[in-house]
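Quick note: the sequence shown uses our numbering, first residue 38, plus one each step.
Reading through the structure tokens given below for one structure.
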Amino acid sequence: MYDFAELEAVYENIVSTEKSLAEFSHYAIYELEGGFYVWNECKEKILQGIALQKIFLRRIAAESKNLTAEQRQIVKSWDLE
38 MYDFAELEAV YENIVSTEKS LAEFSHYAIY ELEGGFYVWN ECKEKILQGI
88 ALQKIFLRRI AAESKNLTAE QRQIVKSWDL E
């Protein structure tokens, strides 16, 4: 069973990755050899990873019996779609 701190850490990682991706996107096209095509491939893989993490986190949160009512509200506020 996972505790809330572990779920929260996964969510914080998702948010951090999404922010980094948005910030990096502007520069990546110009810095990567192969340009736009290479960046789109990389970005797609990163987005697929984020989507899988969100699915995993939703399932774990839904099945976790040890979350308090307050923790469940916090999880519901997360953008996991």
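From the three backbone atoms N, C-alpha and C, an ideal C-beta is built for every residue, glycine too.
Remember, predicted model here, so these are calculated numbers, not experimental data.
- Note on geometry: alpha-carbon atoms of A98 and V112 lie some 7 Å from one another.
- In the three-state scheme derived from DSSP, where H, G and I count as helix and E and B as strand, W76 is classed as helix.
- In the structure shown, N103 adopts coil according to DSSP, grouped into three states.
- Taking the CA atoms as reference points, Y39 sits about 31 Å from E60.
- By the CB criterion at 8 Å, I92 and L58 fall outside the cutoff.
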